[in-house]
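Per the numbering used here, the very first residue in the sequence shown carries number 306; after that it's consecutive.
All C-beta atoms in this analysis are idealised placements derived from N, C-alpha and C, irrespective of residue type, glycine included.
All figures in this text were calculated on a predicted structure; none of them were measured in a lab.
Let me begin by presenting the structure, written as structure tokens, before commenting on it.
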Amino acid sequence: MKPYVYGIDIGGTSIKFGLFNRQLQLEKKWEIPTNSSNNGESIFGDIVDSIKMHTPDLSQIEGYGFGVPGPVLKNYVQMCVNLGWKNVDLQDRLRDELKNDHIVVGNDANVAALGEAFLGAAKGRKNVAMLTLGTGVGSGIVVDGRLLEGHNGSAGELGHLTIPQEQPIACNCGKKGCLETVASATGIRNIYHRLNEDFTGHSTLYDNDYVDSKAIFDAAKAGDKLAISVVDEAAYYIGYACHVLSVTTDPSVIVIGGGVSKAGEFLIEKVTNEFHRLVFQPTNDTVIVTAQLGNDAGIYGAAGLVKIRG
Ligand SMILES: [Zn+2]
């Protein structure tokens with residue numbers, strides 16, 4: 306038995322490395338900047354160099370798990386726009402340099418869900434869904450301990466769930482009215498701008514030069530009417546997404562992560578209320594909680610992927 310496992314989270318701005326023991330306890334972590342020039346070609350060498358610098362004896366490593374920002378099917382990276390990658394076989398690119406065949410890959414949001422299921426907010430649970438509400442919306446689904454990938458590697462792409470609305474906003478994916486346009490940090494600002502057009506009272510948000518989602522949550526917590534109406538609408542959409550997750554995959558825990566989740570219990574309580582208004586009764590014991598691993602969810606989940614695809 307080799308004593309260590311690597312969990313590596315490749316993002317558009319940085320690559321995070323975590324060296325874990327076999328109990329998935331983090332021994333050390335670090336990160337390097339992502340160089341996506343030249344179609345992300347130097348990323349492979351940068352990863353190998355960094356691993357070799359921190360690991361004098363590669364024969365001690367059981368395997369390497371990766372999270373990447375794009376769809377992945379059977380270990381094969383379909384496309385990562387942020388990295389410049391298209392049709393990348395990471396195992397093929399890294400196995401000789403790392404002298405290891407055990408190289409497994411998953412989508413970053415899926416892998417983060419696995420991290421929370423292994424060691425975070427849903428520790429020890431076998432049926433878990435996670436919504437990551439950041440600049441965009443990512444989601445990952447673990448069913449019976451297995452990560453769902455689907456036919457195209459796009460299982461759990463709830464960020465692009467279409468939400469019926471009167472004034473749908475264009476999404477980066479080319480569609481209109483996706484969950485991402487109303488439930489991400491950007492989406493919450495979108496709701497603010499729309500509701501502000503018809504709002505006639507005074508809002509403390511008018512004192513800010515720039516209104517971001519944190520300012521909206523802070524104002525709502527302090528009782529600002531406009532901010533509360535924005536948060537209530539966002540909570541409805543997030544609760545609706547939780548309902549969709551519930552009736553399709555029946556998780557015992559839905560984890561809410563990403564920057565927006567820093568609003569904490571204030572948001573979770575509203576989302577839970579919306580979820581309970583829609584819930585199919587046999588699944589009403591599903592709990593909604595905030596993520597615990599923060600930016601480390603990806604490295605934990607990537608290391609976990611080595612274990613479940615061992
Ligand atoms: Zn979309």
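Q: Run the CB neighbour count on P376, radius 10 Å, all protein chains shown included, and call it buried at 16 or more, exposed below.
A: Classification for P376: buried.
Q.
If contact is defined by three or more beta carbon pairs under 8 Å, each pair taking one atom from either stretch, is the segment 572-584 in contact with the segment 387-394?
A. Counting C-beta pairs with one atom in each stretch, the segment 387-394 and the segment 572-584 have fewer than three that are closer than 8 Å, which means they do not touch.
Q: Give the single residue among K530, S489, Y511 and S534 whose Cα lies nearest to the Cα of S518.
A: Taking only the C-alpha atoms, the option nearest S518 is S489.
Q. Are A251 and V536 closer than 8 Å when you measure CB to CB?
A. Here the chain has residues from 306 to 615 only, and residue 251 is not among them.
(Q) Quick check: what's the CA-CA separation for V558 versus S444? (A) Linking V558 to S444 through their CA atoms gives a straight-line distance of about 13 Å.
Q. Any heavy atom of ligand 1 closer than 7 Å to the CB of E485?
A. At least one heavy atom of ligand 1 lies less than 7 Å from the C-beta of E485.
Q. So L378 and E454 are in contact, right, with Cβ under 8 Å, and what is the actual spacing, rounded?
A. Rounded to whole angstroms, the Cβ separation of L378 and E454 is 6 Å, and the two are in contact under 8 Å.
Q | Neighbour-count burial assignment, D314, 16 or more Cβ in a 10 Å radius | A | Around the CB of D314, 16 or more other CB atoms lie within 10 Å, so the residue is classed as buried.
Q | Alpha carbon of F349 to alpha carbon of R398, nearest angstrom | A | Computed Cα separation, rounded: 7 Å.
Q) Which same chain residues, not among the five before or five after G569, have their C-beta less than 8 Å away from its C-beta? A) Around G569: T595.
(Q) Could you check whether the Cβ of D480 sits closer than 7 Å to any heavy atom belonging to ligand 1? (A) The amino acid at residue 480 is misidentified as Asp; the sequence shows Lys. Yes, since a heavy atom of ligand 1 falls inside the 7 Å radius drawn around the Cβ of K480.
Q: Throw me the rounded Cβ distance for the F522 and F580 pair, which I believe falls under 8 Å.
A: In fact, because the Cβ distance is near 19 Å, the residues do not count as touching under 8 Å.
Q) Does at least one heavy atom of ligand 1 sit under 7 Å from the Cβ of C476? A) Checking every heavy atom of ligand 1 against the Cβ of C476, one is found closer than 7 Å.
Q: Taking all protein chains shown into account, decide if N412 is buried (16 or more other Cβ within 10 angstroms of its Cβ) or exposed.
A: That one is buried.
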